[in-house]
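In the UniProt record's numbering, the protein residues as written are 39 to 431. Here's the structure we're looking at; comments come further down.
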Ligand code: SDX
């Protein structure tokens, strides 16, 4: 009670902003959401309760949680005209391209919640985004495989609804496997927010100009797509596939250490965590649990991942540079075992992170002293010089 987290002046002078939402201690491998440790939230709570916590600052009462879950559930459908928007994309387009486009287009379909000066509109836009992102991600997947869209249902929880929209087909009944639903919800929670990472900073910078929340979240999705950020979960599974077997690990470890080789261990390293990523610890336990419950505990990619982690954490290069598995190292193994193609891994990260993006956006917009972001630079170009006509060059 009353504990104050402080940093030496050097750190605060480089802080991008004040925030009360998420706290990371990279040296200890600590991640708190509104003060609650991520491992407790992942095991004791569930995603929509964590959404409430991130948005409003504390855990909800039973009735407040029921009201919030009802509001989200009743906004999961998309405006029917948006279906035309999906059909304008090439079928082989990456689902992240579709999500970026469709979420940006929400500014046109839901323009009654784009006035950021109106607190009620900010609230409606936040609920709409959290509610509709699973539907948008599922529709992007269905479109890419040529299957009909499956509408959300109000009698299913958030994770079960998403799994059903992705994997059900009109021709037969679909029962959500509770093992997969619990694992899906935990993955959502582990990705919910992470302080001022690249995509959240993108959302804040876009929002600082007064852009509407749908446009800001579309900017965050675009940034998250990069393989150095949210695209790492797809890149990591592709790396594990390329390694193929444990006897090939040393070859890739050496490549990752070779500065002349662009290869990096995907799912390894972090700008902030220099001890361990607490999310990776929970994700590894979840991978063991889910794959054994599904009867695929001998999945070769899981074996390669565990051996790769063991070898790397005994290697001076990785130990000296404090490189550990991050949130993306094991997540793809679980998602693949659940039936998702690698192209859906980052869209799942994006839908999970939407609550973090929108909570941080609301926090910023709600601060009357906030100004437009305007980073400066160190100019290293030409000194002032006079123009030379082309005939004299
Ligand atoms: C996410 O910011 C967040 O919070 C992001 C995130 C979130 O929840 O929003 O946590 C999600 O983006 C996790 C990171 C996912 N990306 C990957 O897994 C891609 C692989 N990792 C790297 O590209 C890298 O580790 C980064 C991008 C994550 C961090 O890069 P940095 O900041 O350059 O890492 P660093 O400064 O700690 O690197 C120290 C050294 C460097 O070598 P030197 O210049 O000192 O010689 O370690 C090297 C790096 O080249 N290094 C790696 C490596 N990661 C860093 N070498 C081999 N393999 C790696 N994965």
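From the three backbone atoms N, C-alpha and C, an ideal C-beta is built for every residue, glycine too. Predicted, not measured: the structure shown is a model, and the values here were computed from it.
Cβ-heavy atom distance, residue i to the ligand SDX, below 8 Å
i: residue 361; result: yes
i: residue 55; result: no
i: residue 236; result: yes
i: residue 321; result: no
i: residue 134; result: no
i: residue 310; result: yes
i: residue 71; result: no
i: residue 352; result: no
i: residue 223; result: no
i: residue 367; result: yes
i: residue 295; result: yes
i: residue 265; result: yes
i: residue 204; result: no
i: residue 314; result: no
i: residue 192; result: no
i: residue 373; result: no
i: residue 303; result: yes
i: residue 233; result: yes
i: residue 89; result: no
i: residue 248; result: no
i: residue 383; result: no
i: residue 391; result: yes
i: residue 108; result: no
i: residue 100; result: no
i: residue 146; result: no
i: residue 268; result: yes
Exposure label - residue i; buried when at least 16 CB within 10 Å
i: residue 252; result: buried
i: residue 196; result: buried
i: residue 382; result: buried
i: residue 410; result: exposed
i: residue 118; result: exposed
i: residue 298; result: exposed
i: residue 419; result: exposed
i: residue 429; result: exposed
i: residue 180; result: buried
i: residue 115; result: exposed
i: residue 233; result: buried
i: residue 44; result: Note on residue 44: pLDDT 48, under 50, position unreliable in the model; the coordinate value appears next. Exposed, because fewer than 16 other Cβ atoms sit within 10 Å of the Cβ of residue 44.
i: residue 376; result: buried
i: residue 322; result: buried
i: residue 301; result: exposed
i: residue 67; result: buried
i: residue 192; result: exposed
i: residue 384; result: buried
i: residue 317; result: buried
i: residue 250; result: buried
i: residue 155; result: exposed
Same chain, Cβ closer than 6 Å to residue i, neighbours up to 5 away in sequence not counted
i: residue 331; result: 217
i: residue 47; result: With a pLDDT of 40 at residue 47, under the threshold of 50, the predicted position of this residue should be treated as unreliable, though the coordinate-derived value follows. Same-chain partners within the cutoff: there are none.
i: residue 172; result: 200, 389
i: residue 265; result: 273
i: residue 136; result: 127, 178
i: residue 187; result: 177, 180
Cβ shell of residue i (< 8 Å), same chain only, five flanking positions each side left out
i: residue 138; result: 256, 259, 260, 263
i: residue 184; result: 129
i: residue 351; result: 357, 362
i: residue 277; result: 290, 303, 304, 305
i: residue 424; result: none
i: residue 401; result: 57, 58, 59
i: residue 51; result: Model confidence at residue 51 stands at a pLDDT of 41, short of 50, so the residue's coordinates are unreliable; what they give is reported in the following sentence. Counting only Cβ-Cβ distances below 8 Å, and skipping sequence neighbours, we find nothing.
i: residue 342; result: 278, 281, 282, 283, 284, 287
i: residue 221; result: 324, 327, 328, 372, 376
i: residue 159; result: 150, 151, 152, 153
Other residues of its chain near residue i: CB distance less than 7 Å, five sequence neighbours each side excluded
i: residue 162; result: 151
i: residue 132; result: 381
i: residue 80; result: 224, 227, 228, 320
i: residue 392; result: 167, 168, 171, 255
i: residue 165; result: 109, 110, 113
At least three beta-carbon pairs within less than 8 Å, the region 409–417 to the region 261–276: Verdict: no, contact absent.
Within the region 181–240, ranges of the alpha helix (DSSP H) (whole runs, at least 4 residues): 196–205, 216–228
Touching by the beta-carbon criterion (3+ pairs, under 8 Å), the region 353–370 and the region 311–319: yes
Inside the region 66–149 only - alpha helix (DSSP H) runs reaching at least 4 residues: 76–82, 85–94, 100–111, 120–125, 133–147
Three-pair Cβ contact test at 8 Å for the region 384–404 versus the region 89–109: yes
Touch test, the region 233–243 against the region 139–147, Cβ-Cβ under 8 Å, three pairs minimum: no
Stretch pair the region 336–354 + the region 365–376: three plus CB contacts closer than 8 Å: yes
Ranges of the beta strand (DSSP E) found wholly within the region 267–320, counting only runs of at least 3: none
Residue ranges of each alpha helix (DSSP H) within the region 339–392, 4 or longer: 354–358, 366–376
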